[in-house]
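Numbering (the working numbering), first residue to last: 3 to 86. The C-beta atom is built at its ideal place from N, Cα and C for all residues, glycine as well. The structure appears below as structure tokens.
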């Protein structure tokens with residue numbers, strides 16, 4: 003833990019519009035001090051850094067789409083980010 007921010011690096015399969023584009027190391031950050039205030043503001047104290055996958059997701063055609071983060075039920079060490 004870094005001060006009041008928890009950080010985790012994890013590999014995620016990235017699926018965009020039904021196509022697996024690769025596996026990438028992404029970084030999740032969660033602010034423990036902002037959690038209560040963020041809930042009151044209807045905001046999230048958690049952020050995602052795309053790192054090397056940034057160029058794949060920073061596209062105008064993905065604006066307004068839904069992003070989901072999944073954890074595999076078959077293997078709890080596998081994760082996926084899906085943008086429909």
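In the DSSP assignment, find the beta strand (DSSP E) that holds residue i and state where it starts and stops.
i          : result
residue 70 : 69-73
residue 79 : Run containing residue 79: none; DSSP gives neither H nor E here.
residue 51 : 48-51
residue 16 : 7-18
Give the secondary structure of residue i by DSSP, where H, G and I count as helix, E and B as strand, and everything else as coil.
i          : result
residue 58 : helix
residue 63 : helix
residue 24 : strand
residue 30 : strand
Please go through the same chain and pick out, in chain order, the residues whose beta-carbon is closer than 7 Å to the beta-carbon of residue i, but skip the five residues on each side of it.
i          : result
residue 70 : 84
residue 58 : 16, 18, 23
Taking the alpha carbon of residue i as the reference point, which residue from the options has its own alpha carbon closest?
i          : options        : result
residue 24 : 54, 67, 77, 72 : 54
residue 81 : 8, 9, 27, 7    : 27
residue 77 : 6, 14, 7       : 14
residue 72 : 65, 12, 61     : 12
Whose C-beta lies closer than 6 Å to the C-beta of residue i among residues of the same chain, with five residues either side of it excluded?
i          : result
residue 74 : 80
residue 48 : 32
residue 7  : 31, 33
residue 10 : 30
On the premise that residue j lies in contact with residue i, defined as a C-beta separation below 8 Å, what is that separation, rounded to the nearest angstrom?
i          : j          : result
residue 50 : residue 30 : 6 Å
residue 67 : residue 43 : Contact doesn't hold; Cβ gap of about 24 Å is too wide.
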